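Okay, structure first, notes after.
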Amino acid sequence: MSAAGSPVTGTVLNIQRYCSHDGPGIRTTVFLKGCSLRCKWCSNPESIHPKPELAYDARLCSGAKECGLCLKAPFPEGAFFTVPGPDDKVRVNWDLASDCDQETVSLCPTDALYMFGATMSADEVLDEVEKDASFYRTSGGGMTLSGGEAAMFPDFATALLQGAHERGINTAIETAANVPWRFLEQMLPHVDTVLHDLKVMDAERHKKWTGVSNKRLLENFKKAYETFPDKTFIARRPLIPGVNDDEEDIRAALAFIRPHKNVIDFELLPYMRFGLGKYHMLGQIYELEDFEPPTEESMQRLQAIIDEAFGRSGEEAPS
Amino acid sequence: MNTKTRRIAMNVGGGYIPGMNAVVKGATLAAAELGWEVVGIRNGFAGLLEPGDYPEGGLITVSPQLAEMLDPAASSVLGQSPRDDPFHMRHVDEDGMLEEVDRSDDLLAAFKEQGIDALVSLVGGQGLSVLYKLHRKGLNAVCIPRSVENDIAATMVSLGFNSALSFTIEMLDRAREAARSSRQIAVVEVQGEQAGWLALQAGTAASADAILIPELAVDLDAVAEHLRGKMSAERPFGLVVVAEGIGLADASPSADKPSPMQASLSPLAGGEATGHAIERSGRASKIVANRLQLKLAEKTYPAVLGPWARGGAPTAVDRQLGLGYGAAAIRALNEDQDGVMVAFQPPDIVFVPLLEAINKVRTVPADSEMMLIARTLGICLGGVQ
């Protein structure tokens, strides 16, 4: 509950059960909607804006002749239209369709129109998370808060993390930490494992590819390592050839984290272009379409550098 | 007739388009005849929303003397504004976090503060929607249609189309000669995401063998068969013109599949979301050339004209149209028209309410004279008739 006594709420994008890569054990990952970066490779564009957002999957539209419900009230005037030609499916005027609310969107009979994100209270989320409590106990898992950027919503995130602890559930958070330190300071006491991004160490490149400088987030990480020595930190990098796959930047990241013994690993996540379709569903343009996933050879070479820095052989590296 | 002295602003939505200076000239000279003042907003709405970025001021006074001196083939003095939407402006908040904010109220306040009582805006399809939203919030706006694809339905001709058409024909002539010299089949992509006017008219003028447009389903087996019939020892080459927005019925989905790990990180990781196969410049010609290559012995190769057609000097038609549209926008304001787009509906220039102008795509009708001409000349239009 908030200080005023009303339930703390937030915009939840998804609650995904049985996740195995978002921290130890089997976990339920709660995706909060809203992000403070604009990474050009983002594969989850639906997680960027903090409010519920209209999406359209043209594959599910049954066409204007068969349906056409969205071409008239209560759908906003001018929000949907058709184009003469072989394709009878409706088109979206994204400038005018942003006025659609959940109630209106739910009238679409084929679910071609739907909303990304729903407002939920912390208790509603935790009740859902708690359904798999037995799996968490047997596997050492728990709840992971992800995004977007979960740390953008310190009150809601803290309510979730603290509430999970009160229910005996292990907690983790995925964050890029581009938030004021006071946000992290509020949340981290209730987190067991911190999975944090180290996207690019070079400040100029970080601004070019994510929209902001990395000065503050690096300060936040350092302060977090030192302020919370009992927490486990795992650094991560989405590896994108030509953006952040050079040895120099990998070594700079290792030099940043290795002095801190509570940072136990640096994981490389190979870039995949699977987010393209979702950009279309939101009426957006994907700017990084020509980028390719890293090669196996490149992944192995960089992983070997990381393994060496952590004093382990490649065979012993965490999977 | 409006008799009061007015202060009119002009701006440009989107990038360069041939003829934009003719619009500025037409509007400014027509306004001067009424004793009105014209100011230009630099770079879309940026000159009003971020005046601090412009040491010489975000507004520029456009005098008749300045307008008469404008180079018809140069970029507008008003600048450009690709993807400029005051309802979704990227912004860094006081906590250093990026967000997109609605600055439409700030914009309307800036109009008021500057004593501007109407806007003449040169915009394309998306810009029309943005201006319609601003009009709903109280902005007195008159729009001028711009589209090299000529896909704005309420007007017969949008500014820039004729210049793009002339350039495209010239380039297709060259592509045809190059294909003849190399004894190959050129597959040339031109702009046209939803409407195939540019491909159809330019392709017909350049005597293409096949023209593929978004309005017609494409059967590449039939296109290949048509090319086989046209090619011979005496004529060992071919020219296929492809609009960038064509759909292929058997378009295969992307080969990219999320790994289980990435899928677990993403609530919706699941590959492509639409059946619309071609959505980016260069892709249409590449796919068609590759697939025709599998069906034909002769070598096929893709080429992309794409955005090149947006540059260059305006043709005589676009210079006249620009002047006419600019002057008509002032006439609309003088007749107290509000929230309209000027449109050429031969023989008249008329004023169409913005709500009627948005969302309607001017596609090529199946029974149009242009299609009939192409078919009569033996040009294959996608194979499915």
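These protein sequences, in sequence, are chains R and Y.
Oh and the first sequence: position 61 is 198 in my numbering, straight run, nothing missing.
Oh and the second sequence: position 284 is 362 in my numbering, straight run, nothing missing.
Cβ coordinates follow ideal geometry from the N, Cα and C atoms, glycine included.
Note that the structure is predicted; figures quoted are calculated from it, not measured.
Under the three-state reduction of DSSP output, Y/P142 falls in the helix class. For Y/N437, the nearest beta carbon of chain R is closer than 9 Å to its own beta carbon. Taking a Cβ-Cβ threshold of 9 Å, the residues of chain R close to Y/K211 are D232, L233, in chain order. Where Y/G203 is concerned, the enclosing alpha helix (DSSP H) starts and stops at 203–214.
Comparing alpha carbon positions, the residue from R/A259, R/G200, R/L191, R/Q323 closest to R/S243 is R/L191. When only Cα atoms are considered, R/T330 and R/A288 end up about 14 Å apart. In this structure, Y/M98 lies away from Y/S199, with their beta-carbon atoms at least 9 Å apart. Annotation: Cβ neighbours of R/L174 in chain Y (cutoff 7 Å, chain order): L176. Going by DSSP, R/T241 is part of no beta strand (DSSP E) but of the alpha helix (DSSP H) stretching over 239–242. Chain-order list of chain R residues neighbouring Y/G325: P223, D224, by C-beta distance under 8 Å. Assigned with DSSP and collapsed to three states, R/I394 falls in helix. Among the residues of chain Y, none has a CB under 7 Å from the CB of R/F293; the nearest is roughly 15 Å distant. Q272, P292: these are the residues of the segment 261–292 of chain Y whose beta carbon lies less than 7 Å from some beta carbon of chain R, given in chain order. Counted as a single uninterrupted DSSP element, the alpha helix (DSSP H) harbouring Y/N99 occupies residues 98–111.
With fewer than 16 other Cβ atoms inside 10 Å of its own Cβ, Y/M147 counts as exposed. Y/C458 is bridged by DSSP to Y/A288.
Beta-bridge annotation (DSSP): R/E363 is not paired with any residue. Around the Cβ of Y/T282, a 10 Å sphere holds 16 or more other Cβ atoms; the residue is buried.
Residues of the segment 353–370 of chain R whose Cβ lies closer than 7 Å to any Cβ of chain Y, in chain order: R353. For R/S258, there is no enclosing alpha helix (DSSP H); the residue is part of the beta strand (DSSP E) that begins and ends at 255–258. Counting only runs of 4 or more residues that sit fully inside the segment 379–446 of chain Y, the alpha helix (DSSP H) segments are 394–412, 432–435, in chain order. Counting only Cβ-Cβ distances below 9 Å, Y/A407 has no contacts in chain R at all, with the closest Cβ about 22 Å away.
Look at Y/V208: its C-beta is under 9 Å from a C-beta on chain R. Taking the Cα positions, Y/I95 is about 23 Å away from Y/Y132. Pairing Y/L317 with Y/S285 gives a Cβ-Cβ distance under 9 Å. The segment 282–301 of chain R and the segment 181–188 of chain R touch, with three or more beta-carbon pairs separated by less than 8 Å. For Y/V320, the uninterrupted beta strand (DSSP E) segment begins and ends at 316–321. Only residues of its own chain outside the window of five on either side were considered, and among them none has a CB closer than 6 Å to the CB of R/D232.
Closer than 7 Å at the C-beta level to chain R, one finds no residue of the segment 224–244 of chain Y. Excluding five sequence positions before and after Y/W386, the CB atoms of its chain that fall closer than 8 Å to its own CB belong to F245, M249, given in chain order.
For R/F218, a Cβ of chain Y is located within less than 9 Å of the residue's own Cβ. Y/F123: not part of any beta strand (DSSP E); DSSP gives it neither H nor E. Counting other Cβ atoms within 10 Å of its Cβ, Y/K103 reaches 16 or more and is therefore classed as buried. Within the segment 274–289 of chain R, those residues whose Cβ lies closer than 9 Å to any Cβ of chain Y are, in chain order, S283, E286, M289. Within the model, the alpha-carbon separation for Y/D287 versus Y/Q262 is close to 13 Å.
Excluding residues up to 5 positions away in sequence, P144, G300 lie with their Cβ nearer than 8 Å to the Cβ of R/D260 in the same chain.
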